[in-house]
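> Residue numbers (the numbering used here): 989 to 1166.
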Amino acid sequence: MSDILAKLAAKIGEQGDVGFAPVELWSPEYCGELDIEIKANGDWFYMGTLIKRQKLVKLFTTVLWRDVETNEHYLITPVEKIKIKAADAAFIATDMVVDGTGANQSIAVQTNLAGQVVINDEHKIRFSHQDDQFMAYVDIRYGLEAKLTRSLCYQLADYMVERDGKFILISDKCEFEV
989 MSDILAKLAA KIGEQGDVGF APVELWSPEY CGELDIEIKA NGDWFYMGTL
1039 IKRQKLVKLF TTVLWRDVET NEHYLITPVE KIKIKAADAA FIATDMVVDG
1089 TGANQSIAVQ TNLAGQVVIN DEHKIRFSHQ DDQFMAYVDI RYGLEAKLTR
1139 SLCYQLADYM VERDGKFILI SDKCEFEV
């Protein structure tokens, strides 16, 4: 585990990474829809009822995949591909750690269900304005994203620099325009 991810894990009291199934290697038949919905706040519901067993939700996340062209979410196993609903991002970024400063800073985020990632070329961050709200999303894997909480977005602003009238976020030697 990299130093910054170790710092984040120590900060929140967790160790290790979440394991994910290799869904990108599987091409199962589409089997229809299942009445599972991921709400905008990250809660998972089955047939309108909150799934309270976090271990079950974490199990589902190991086989979760998003088609970036259609923005549809699926649970994929070697033999099944089942569509589910997601109101927004599949994950919520709940904490962050910044290591270094300026051009040498790295920013890691902790998600509610998908472990930690460093914002970089592999885990890009994108910014959007919806309904007059500033939002940020980090790529996690398989087209899935983590939406940063509002407080994390405000914290992130402290690490942006202004260049040529534009705001830039630097992490792990990668630059992201706001």
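We treat Cβ as the ideally placed atom computed from N, Cα and C, and that holds for glycine.
Using a Cβ-Cβ cut-off of 8 Å (strictly less than) and excluding sequence neighbours within five positions of P1066, which residues of its own chain qualify?
For the purposes of this step, residue 1066 is taken as the residue at position 78 of the sequence shown. Closer than 8 Å at Cβ, skipping near neighbours: W1014, P1016.
> Assuming Q1093 contacts S1159 under a Cβ cut-off of 8 Å, what Cβ separation, rounded to an integer in Å, is found between them?
If you number the sequence shown from 1, residue 1093 lands on position 105. If you number the sequence shown from 1, residue 1159 lands on position 171. Contact flag correct, Cβ pair sits at about 6 Å.
> By Cβ distance below 6 Å, which residues in the same chain neighbour K1027 in space, the five residues on each side in sequence not counted?
In the sequence shown, the residue the question calls residue 1027 occupies position 39. Closer than 6 Å at the Cβ level, and outside the excluded window around K1027, lie A1075.
> Starting from T1050, follow the alpha helix (DSSP H) in both directions and report where the run begins and ends.
Looking up residue 1050 in the sequence shown gives position 62. Segment: none, T1050 is in no alpha helix (DSSP H) and carries neither H nor E.
> With respect to the beta strand (DSSP E) encompassing S1094, which residues constitute its N-terminal and C-terminal limits?
Position 106 of the sequence shown, counting from 1, holds the residue named residue 1094. From DSSP, the beta strand (DSSP E) with S1094 extends over 1094 to 1099.
> Which parts of the segment 1019 to 1095 are runs of the alpha helix (DSSP H), unbroken and 4 residues or longer, counting only runs that do not cross its ends?
Runs of the alpha helix (DSSP H) inside the segment 1019 to 1095: 1042 to 1049.
> Give me the Cα-Cα distance between P1010 and G1153, rounded to the nearest whole angstrom.
Within the sequence shown, residue 1010 is the residue found at index 22, counting from 1. Within the sequence shown, residue 1153 is the residue found at index 165, counting from 1. Roughly 42 Å separates the two Cα atoms.
> Please classify M989: does DSSP put it in a helix, a strand, or coil?
Counting from 1 along the sequence shown, the entry for residue 989 is found at position 1. Any answer about M989 is weak, because its pLDDT of 42 lies below 50 and its placement is not dependable; what the coordinates show is given next. M989 falls in the coil class under three-state DSSP.
> For a cutoff of 8 Å on Cβ pairs, would you count A1124 as touching chain C?
Among the chains of the structure shown, chain C does not appear; only one protein chain is present.
> If I follow the unbroken alpha helix (DSSP H) through A1145, where does it start and stop?
Sequence index remark: in the sequence shown, residue 1145 carries index 157 (1-based). It spans 1138 to 1145 - the alpha helix (DSSP H) in which A1145 sits, taken as one unbroken run.
> Starting from I1128, follow the beta strand (DSSP E) in both directions and report where the run begins and ends.
Looking up residue 1128 in the sequence shown gives position 140. Note, I1128: beta strand (DSSP E), 1121 to 1129.
> Less than 8 Å between the C-beta atoms of R1151 and F1008, yes or no?
For the purposes of this step, residue 1151 is taken as the residue at position 163 of the sequence shown. For the purposes of this step, residue 1008 is taken as the residue at position 20 of the sequence shown. No, Cβ-Cβ distance for R1151 and F1008 is not below 8 Å.
> Which same chain residues, not among the five before or five after E1068, have their C-beta less than 8 Å away from its C-beta?
Here the question's residue 1068 lines up with position 80 in the sequence shown. Closer than 8 Å at Cβ, skipping near neighbours: P1016, E1017, C1019.
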